[in-house]
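Structure first, then comments.
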Amino acid sequence: MSGDRPSPLVIERILRDRESIWHQIVGERDLNALTGRMLTSSAIALACYGAVLGFFHSPLMALTSALKLPLLFLVTLAICLPTLYLFNLVFGARLSVRQSLALVMVAITVTSMLAVAFAPISLFFLITANDYGFFKLLNVAILTLSALVGLRFLTSGMQVLNDNGLLAPEAAKATVDEKATAPAPVQAVPVPVGATPAAVPVAGQSAEPVAVPAGAAVAESTPNGAVTTAPAPTQVPAQWPGQPAGASFPPGMLPPGYVAQRPWDGRSAQRGEPTQRPASMTLLYIWILLFGFVGTQLAWTLRPFFGDPGQDFAFFRSIDGNFYAEILRTIANL
115 MSGDRPSPLV IERILRDRES IWHQIVGERD LNALTGRMLT SSAIALACYG
165 AVLGFFHSPL MALTSALKLP LLFLVTLAIC LPTLYLFNLV FGARLSVRQS
215 LALVMVAITV TSMLAVAFAP ISLFFLITAN DYGFFKLLNV AILTLSALVG
265 LRFLTSGMQV LNDNGLLAPE AAKATVDEKA TAPAPVQAVP VPVGATPAAV
315 PVAGQSAEPV AVPAGAAVAE STPNGAVTTA PAPTQVPAQW PGQPAGASFP
365 PGMLPPGYVA QRPWDGRSAQ RGEPTQRPAS MTLLYIWILL FGFVGTQLAW
415 TLRPFFGDPG QDFAFFRSID GNFYAEILRT IANL
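Quick look at the structure:
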(Lines of atoms letter the chains of each structure in order from A and count residues from 1; the text may use other names and numbers.)
(Lines give C-alpha, C1' and ligand atoms only; values in the text may rest on other atoms or scores of the structure.)
Protein backbone atom coordinates (compact mmCIF):
# COMPACT_ATOMS: atom_id res chain seq x y z
CA MET A 1 0.00 0.00 0.00
CA SER A 2 1.46 3.35 -0.96
CA GLY A 3 2.33 5.80 1.79
CA ASP A 4 0.54 8.63 -0.05
CA ARG A 5 -2.60 6.72 -0.99
CA PRO A 6 -5.62 7.54 1.20
CA SER A 7 -7.16 4.51 2.85
CA PRO A 8 -9.38 3.99 5.88
CA LEU A 9 -7.38 0.81 6.60
CA VAL A 10 -4.32 2.71 7.78
CA ILE A 11 -3.89 0.10 10.54
CA GLU A 12 -3.01 -2.47 7.88
CA ARG A 13 -0.19 -0.28 6.66
CA ILE A 14 1.03 0.34 10.22
CA LEU A 15 1.16 -3.38 10.97
CA ARG A 16 2.48 -4.59 7.61
CA ASP A 17 4.78 -1.75 6.56
CA ARG A 18 5.61 0.19 9.70
CA GLU A 19 9.06 1.17 8.38
CA SER A 20 7.43 3.29 5.68
CA ILE A 21 5.33 5.01 8.38
CA TRP A 22 8.45 5.86 10.39
CA HIS A 23 10.29 7.16 7.33
CA GLN A 24 7.27 9.23 6.33
CA ILE A 25 7.27 10.80 9.79
CA VAL A 26 11.03 11.38 9.64
CA GLY A 27 10.67 13.14 6.29
CA GLU A 28 7.46 14.99 7.35
CA ARG A 29 5.77 13.88 4.13
CA ASP A 30 1.98 14.25 3.98
CA LEU A 31 1.65 14.05 7.76
CA ASN A 32 -1.66 15.92 7.87
CA ALA A 33 -3.38 13.28 5.72
CA LEU A 34 -1.74 10.42 7.61
CA THR A 35 -2.73 11.85 10.99
CA GLY A 36 -6.28 12.48 9.76
CA ARG A 37 -6.69 8.87 8.62
CA MET A 38 -5.36 7.56 11.93
CA LEU A 39 -7.67 9.90 13.85
CA THR A 40 -10.72 8.74 11.89
CA SER A 41 -9.87 5.05 12.22
CA SER A 42 -9.19 5.37 15.95
CA ALA A 43 -12.42 7.26 16.65
CA ILE A 44 -14.54 4.69 14.80
CA ALA A 45 -12.84 1.72 16.49
CA LEU A 46 -13.08 3.22 19.97
CA ALA A 47 -16.73 4.13 19.42
CA CYS A 48 -17.52 0.52 18.48
CA TYR A 49 -15.73 -0.81 21.52
CA GLY A 50 -17.37 1.77 23.79
CA ALA A 51 -20.77 0.66 22.55
CA VAL A 52 -19.99 -2.91 23.65
CA LEU A 53 -19.02 -1.64 27.11
CA GLY A 54 -22.22 0.37 27.53
CA PHE A 55 -24.52 -2.44 26.41
CA PHE A 56 -23.97 -4.05 29.79
CA HIS A 57 -26.32 -1.42 31.23
CA SER A 58 -28.66 -0.24 28.47
CA PRO A 59 -28.72 0.94 24.81
CA LEU A 60 -28.61 4.55 26.02
CA MET A 61 -25.44 3.81 28.00
CA ALA A 62 -24.00 2.12 24.92
CA LEU A 63 -24.54 5.33 22.94
CA THR A 64 -22.91 7.54 25.58
CA SER A 65 -19.95 5.17 25.99
CA ALA A 66 -19.49 5.18 22.23
CA LEU A 67 -19.08 8.96 22.46
CA LYS A 68 -17.00 9.08 25.63
CA LEU A 69 -14.35 6.45 24.86
CA PRO A 70 -12.90 8.27 21.80
CA LEU A 71 -13.18 11.50 23.79
CA LEU A 72 -11.13 9.91 26.59
CA PHE A 73 -8.17 9.15 24.32
CA LEU A 74 -8.27 12.44 22.42
CA VAL A 75 -8.48 14.62 25.52
CA THR A 76 -5.64 12.66 27.13
CA LEU A 77 -3.58 13.25 23.99
CA ALA A 78 -4.40 16.97 24.03
CA ILE A 79 -3.31 17.23 27.68
CA CYS A 80 -0.05 15.28 27.32
CA LEU A 81 1.20 16.13 23.81
CA PRO A 82 2.61 19.60 24.74
CA THR A 83 4.67 17.94 27.49
CA LEU A 84 6.18 15.44 25.05
CA TYR A 85 7.00 18.19 22.56
CA LEU A 86 8.61 20.45 25.17
CA PHE A 87 10.59 17.53 26.64
CA ASN A 88 12.13 17.01 23.21
CA LEU A 89 12.87 20.71 22.71
CA VAL A 90 14.58 21.07 26.09
CA PHE A 91 16.99 18.21 25.34
CA GLY A 92 17.89 19.29 21.82
CA ALA A 93 15.67 17.00 19.75
CA ARG A 94 14.45 18.29 16.39
CA LEU A 95 10.93 16.87 16.42
CA SER A 96 8.18 19.12 15.14
CA VAL A 97 4.67 19.22 16.59
CA ARG A 98 3.34 17.32 13.58
CA GLN A 99 5.94 14.57 13.99
CA SER A 100 5.16 14.23 17.71
CA LEU A 101 1.43 14.11 17.01
CA ALA A 102 1.83 11.51 14.25
CA LEU A 103 3.96 9.29 16.51
CA VAL A 104 1.44 9.33 19.34
CA MET A 105 -1.44 8.79 16.90
CA VAL A 106 0.27 5.61 15.67
CA ALA A 107 0.18 4.30 19.24
CA ILE A 108 -3.48 5.31 19.72
CA THR A 109 -4.46 3.75 16.39
CA VAL A 110 -2.84 0.42 17.28
CA THR A 111 -4.46 0.54 20.74
CA SER A 112 -7.94 1.25 19.37
CA MET A 113 -7.74 -1.41 16.66
CA LEU A 114 -6.58 -4.07 19.11
CA ALA A 115 -9.37 -3.10 21.49
CA VAL A 116 -12.05 -3.44 18.80
CA ALA A 117 -10.51 -6.79 17.82
CA PHE A 118 -11.27 -7.93 21.39
CA ALA A 119 -14.85 -6.65 21.15
CA PRO A 120 -16.34 -10.06 20.15
CA ILE A 121 -14.70 -11.66 23.20
CA SER A 122 -16.07 -8.94 25.46
CA LEU A 123 -19.53 -9.35 23.91
CA PHE A 124 -19.35 -13.11 24.40
CA PHE A 125 -18.72 -12.73 28.15
CA LEU A 126 -21.40 -10.04 28.33
CA ILE A 127 -23.93 -12.60 27.09
CA THR A 128 -22.69 -15.72 28.90
CA ALA A 129 -21.34 -14.32 32.20
CA ASN A 130 -23.51 -11.40 33.19
CA ASP A 131 -21.41 -10.32 36.19
CA TYR A 132 -20.67 -6.60 36.56
CA GLY A 133 -17.39 -6.94 38.48
CA PHE A 134 -15.94 -9.59 36.18
CA PHE A 135 -17.02 -7.71 33.04
CA LYS A 136 -15.42 -4.51 34.29
CA LEU A 137 -12.10 -6.16 35.13
CA LEU A 138 -12.06 -8.07 31.83
CA ASN A 139 -12.39 -4.90 29.79
CA VAL A 140 -9.90 -2.96 31.90
CA ALA A 141 -7.42 -5.78 31.20
CA ILE A 142 -8.22 -5.65 27.45
CA LEU A 143 -7.68 -1.90 27.28
CA THR A 144 -4.46 -2.14 29.33
CA LEU A 145 -3.02 -4.85 27.07
CA SER A 146 -3.99 -2.92 23.94
CA ALA A 147 -2.41 0.26 25.32
CA LEU A 148 0.85 -1.53 26.15
CA VAL A 149 1.13 -2.84 22.59
CA GLY A 150 0.33 0.60 21.18
CA LEU A 151 2.95 2.27 23.35
CA ARG A 152 5.47 -0.33 22.19
CA PHE A 153 4.92 1.02 18.68
CA LEU A 154 5.55 4.52 20.02
CA THR A 155 8.94 3.55 21.49
CA SER A 156 9.87 1.76 18.23
CA GLY A 157 9.06 4.88 16.23
CA MET A 158 11.07 7.09 18.57
CA GLN A 159 14.01 4.72 18.23
CA VAL A 160 13.87 5.09 14.44
CA LEU A 161 13.85 8.87 14.84
CA ASN A 162 16.84 8.54 17.12
CA ASP A 163 18.69 6.47 14.51
CA ASN A 164 18.04 9.27 12.02
CA GLY A 165 19.52 11.87 14.37
CA LEU A 166 16.29 13.67 15.27
CA LEU A 167 16.52 12.97 19.01
CA ALA A 168 20.27 13.48 19.53
CA PRO A 169 21.49 15.55 16.56
CA GLU A 170 24.85 16.42 18.16
CA ALA A 171 25.69 12.76 18.79
CA ALA A 172 24.66 11.84 15.25
CA LYS A 173 26.86 14.62 13.83
CA ALA A 174 29.84 13.46 15.89
CA THR A 175 29.38 9.91 14.58
CA VAL A 176 29.31 11.15 10.99
CA ASP A 177 32.47 13.24 11.57
CA GLU A 178 34.29 10.23 13.06
CA LYS A 179 33.40 8.10 10.05
CA ALA A 180 34.53 10.84 7.68
CA THR A 181 37.96 11.19 9.38
CA ALA A 182 38.57 7.48 10.00
CA PRO A 183 41.64 6.12 8.11
CA ALA A 184 40.96 3.77 5.26
CA PRO A 185 41.62 0.11 6.17
CA VAL A 186 44.60 -1.64 4.59
CA GLN A 187 44.00 -5.24 3.63
CA ALA A 188 46.32 -7.80 2.10
CA VAL A 189 45.51 -9.63 -1.12
CA PRO A 190 45.10 -13.35 -0.29
CA VAL A 191 46.40 -16.20 -2.45
CA PRO A 192 46.21 -19.98 -1.82
CA VAL A 193 48.94 -21.73 0.11
CA GLY A 194 51.57 -23.01 -2.29
CA ALA A 195 51.85 -19.82 -4.30
CA THR A 196 55.16 -17.94 -4.39
CA PRO A 197 54.89 -14.62 -2.54
CA ALA A 198 58.06 -12.62 -1.89
CA ALA A 199 59.65 -12.39 1.54
CA VAL A 200 59.58 -9.29 3.71
CA PRO A 201 62.74 -8.48 5.63
CA VAL A 202 62.10 -7.20 9.13
CA ALA A 203 64.72 -5.13 10.94
CA GLY A 204 66.63 -7.19 13.47
CA GLN A 205 65.24 -10.53 12.24
CA SER A 206 66.54 -13.28 9.97
CA ALA A 207 65.56 -13.25 6.33
CA GLU A 208 65.09 -16.99 6.37
CA PRO A 209 61.55 -18.34 6.00
CA VAL A 210 59.80 -19.63 9.13
CA ALA A 211 58.06 -22.99 8.95
CA VAL A 212 54.52 -23.05 10.26
CA PRO A 213 53.02 -26.55 10.68
CA ALA A 214 49.41 -27.11 9.68
CA GLY A 215 47.05 -26.07 12.47
CA ALA A 216 49.76 -24.24 14.42
CA ALA A 217 48.96 -20.98 16.13
CA VAL A 218 50.30 -17.65 14.90
CA ALA A 219 50.22 -14.23 16.48
CA GLU A 220 47.48 -11.77 15.64
CA SER A 221 47.41 -8.11 16.44
CA THR A 222 44.22 -6.58 17.78
CA PRO A 223 43.08 -2.94 17.43
CA ASN A 224 44.15 -2.12 21.03
CA GLY A 225 47.69 -3.39 20.49
CA ALA A 226 47.29 -6.72 22.30
CA VAL A 227 48.62 -9.91 20.72
CA THR A 228 46.54 -13.05 20.58
CA THR A 229 47.00 -16.44 18.97
CA ALA A 230 44.92 -18.00 16.24
CA PRO A 231 45.23 -20.96 13.85
CA ALA A 232 47.73 -20.44 11.05
CA PRO A 233 46.06 -18.79 8.05
CA THR A 234 45.58 -20.75 4.90
CA GLN A 235 46.22 -17.62 2.82
CA VAL A 236 49.11 -15.16 2.79
CA PRO A 237 49.55 -11.82 1.04
CA ALA A 238 50.45 -12.11 -2.63
CA GLN A 239 53.25 -9.52 -2.70
CA TRP A 240 55.59 -8.34 0.03
CA PRO A 241 56.88 -4.86 -0.80
CA GLY A 242 60.60 -4.35 -1.39
CA GLN A 243 61.46 -7.96 -2.26
CA PRO A 244 62.71 -9.48 -5.50
CA ALA A 245 60.05 -11.17 -7.55
CA GLY A 246 61.93 -14.47 -7.45
CA ALA A 247 61.82 -14.98 -3.65
CA SER A 248 59.41 -17.73 -2.68
CA PHE A 249 58.29 -19.95 0.17
CA PRO A 250 57.17 -23.56 0.09
CA PRO A 251 53.64 -24.48 1.25
CA GLY A 252 53.09 -24.01 4.99
CA MET A 253 55.80 -21.32 5.29
CA LEU A 254 55.35 -17.71 6.36
CA PRO A 255 57.88 -14.90 5.91
CA PRO A 256 59.73 -13.65 9.02
CA GLY A 257 57.91 -10.93 10.91
CA TYR A 258 54.51 -11.82 9.39
CA VAL A 259 51.62 -10.89 11.69
CA ALA A 260 48.10 -11.92 10.69
CA GLN A 261 45.59 -9.08 10.37
CA ARG A 262 41.84 -9.49 10.80
CA PRO A 263 39.75 -7.66 8.15
CA TRP A 264 38.50 -4.27 9.31
CA ASP A 265 34.70 -4.33 9.30
CA GLY A 266 34.02 -0.75 10.39
CA ARG A 267 32.25 -1.88 13.59
CA SER A 268 35.07 -3.36 15.63
CA ALA A 269 36.09 0.04 16.93
CA GLN A 270 32.59 0.58 18.21
CA ARG A 271 32.11 -2.76 19.97
CA GLY A 272 33.98 -1.64 23.07
CA GLU A 273 32.23 1.71 23.29
CA PRO A 274 29.15 1.86 25.54
CA THR A 275 26.06 3.00 23.69
CA GLN A 276 24.34 5.98 25.25
CA ARG A 277 20.58 6.38 25.26
CA PRO A 278 19.52 9.93 24.33
CA ALA A 279 17.82 11.95 27.03
CA SER A 280 14.74 12.16 24.81
CA MET A 281 14.32 8.37 24.90
CA THR A 282 14.59 8.33 28.69
CA LEU A 283 12.03 11.11 28.96
CA LEU A 284 9.75 9.21 26.60
CA TYR A 285 9.31 6.46 29.20
CA ILE A 286 8.56 9.08 31.84
CA TRP A 287 6.02 10.62 29.47
CA ILE A 288 4.38 7.22 28.91
CA LEU A 289 3.85 6.87 32.68
CA LEU A 290 2.41 10.39 32.75
CA PHE A 291 0.12 9.55 29.83
CA GLY A 292 -1.13 6.47 31.69
CA PHE A 293 -1.86 8.35 34.92
CA VAL A 294 -3.67 11.16 33.12
CA GLY A 295 -5.68 8.69 31.05
CA THR A 296 -6.82 6.58 33.97
CA GLN A 297 -7.80 9.60 36.06
CA LEU A 298 -9.69 11.09 33.12
CA ALA A 299 -11.49 7.78 32.61
CA TRP A 300 -12.58 7.94 36.25
CA THR A 301 -13.80 11.51 35.71
CA LEU A 302 -15.78 10.59 32.56
CA ARG A 303 -17.36 7.46 34.03
CA PRO A 304 -19.65 5.57 33.75
CA PHE A 305 -18.58 3.57 30.71
CA PHE A 306 -20.07 0.23 31.84
CA GLY A 307 -22.94 1.38 33.99
CA ASP A 308 -23.72 -0.35 37.25
CA PRO A 309 -26.99 -2.26 36.65
CA GLY A 310 -28.05 -1.41 40.20
CA GLN A 311 -28.09 2.32 39.46
CA ASP A 312 -30.08 4.50 37.10
CA PHE A 313 -28.61 5.85 33.89
CA ALA A 314 -26.37 8.90 34.36
CA PHE A 315 -24.18 10.67 31.84
CA PHE A 316 -21.55 11.40 34.56
CA ARG A 317 -21.07 10.27 38.14
CA SER A 318 -19.92 12.43 41.03
CA ILE A 319 -16.13 12.75 41.33
CA ASP A 320 -15.12 10.80 44.43
CA GLY A 321 -12.37 8.27 45.01
CA ASN A 322 -10.03 7.28 42.19
CA PHE A 323 -9.59 4.69 39.46
CA TYR A 324 -7.05 2.52 41.31
CA ALA A 325 -9.06 2.33 44.53
CA GLU A 326 -12.11 1.24 42.51
CA ILE A 327 -10.15 -1.54 40.77
CA LEU A 328 -8.85 -2.84 44.10
CA ARG A 329 -12.35 -2.69 45.55
CA THR A 330 -13.73 -4.64 42.57
CA ILE A 331 -11.06 -7.32 42.93
CA ALA A 332 -11.83 -7.61 46.65
CA ASN A 333 -15.56 -8.02 45.92
CA LEU A 334 -14.85 -10.84 43.49
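Numbering-wise (the numbering used here), the sequence shown opens with residue 115 and increments by one. Think of the CB as a built atom: it goes at the ideal place given N, C-alpha and C, for glycine as much as any other residue. From a predicted model like this one, the values you see are computed outputs, not experimental measurements.
Range of the contiguous alpha helix (DSSP H) that encloses D277
Reading the sequence shown from its first residue, position 163 is the one you call residue 277. 246-277 is the extent of the alpha helix (DSSP H) around D277.
V189 to T415 span [Cα, whole Å]
If you number the sequence shown from 1, residue 189 lands on position 75. If you number the sequence shown from 1, residue 415 lands on position 301. Taking the straight line joining both Cα atoms gives about 12 Å.
For the alpha helix (DSSP H) that contains Q138, what are its first and last residues?
Along the sequence shown, one-based indexing puts residue 138 at 24. 132-141 is the extent of the alpha helix (DSSP H) around Q138.
Which residue spans inside the stretch 172-206 form an unbroken alpha helix (DSSP H) run of at least 4?
If we require 4 residues or more, the alpha helix (DSSP H) runs fully inside the stretch 172-206 come out as 173-204.
Validate contact between the stretch 428-447 and the stretch 183-201 using beta carbons, cut 8 Å, 3 pairs:
The answer is no - the stretch 183-201 does not touch the stretch 428-447, with fewer than three Cβ pairs under 8 Å.
For the alpha helix (DSSP H) containing N447, list its first residue and its last residue.
Here residue 447 is taken as the residue at index 333 of the sequence shown, counted from 1. From DSSP, the alpha helix (DSSP H) with N447 extends over 437-447.
Assumed close pair L167, S156 - CB separation to whole angstroms, cut-off 8 Å:
Residue 167 sits at position 53 when you count from the first residue of the sequence shown. Residue 156 sits at position 42 when you count from the first residue of the sequence shown. Approximately 16 Å separates the beta-carbon atoms of L167 and S156; this is outside 8 Å, ruling out the contact.
Which residue comes first and which comes last in the alpha helix (DSSP H) that contains L123?
On the sequence shown, position 9 is the one that residue 123 refers to. Where L123 is concerned, there is no enclosing alpha helix (DSSP H), because DSSP gives it neither an H nor an E.
Check for me: the alpha helix (DSSP H) holding R212 runs from which residue to which?
Translated into positions along the sequence shown, residue 212 becomes position 98. 211-231 is the span of the alpha helix (DSSP H), which, as asked, contains R212.
Of the residues T410, L174, T242, which one's Cα is nearest the Cα of E440?
The residue given as residue 440 occupies position 326 in the sequence shown. In terms of CA proximity to E440, T410 leads the group T410, L174, T242.
Please classify N244 as buried or exposed, where buried requires at least 16 neighbouring CB atoms within 10 angstroms.
The residue labelled residue 244 in the question sits at position 130 within the sequence shown. So N244 counts as exposed.
Beta-carbon proximity of T225 to A261, cut-off 7 Å
If you number the sequence shown from 1, residue 225 lands on position 111. If you number the sequence shown from 1, residue 261 lands on position 147. Contact: yes.
Does DSSP put G421 in a helix, a strand or coil?
Here the question's residue 421 lines up with position 307 in the sequence shown. DSSP places G421 in coil when its eight states are reduced to three.
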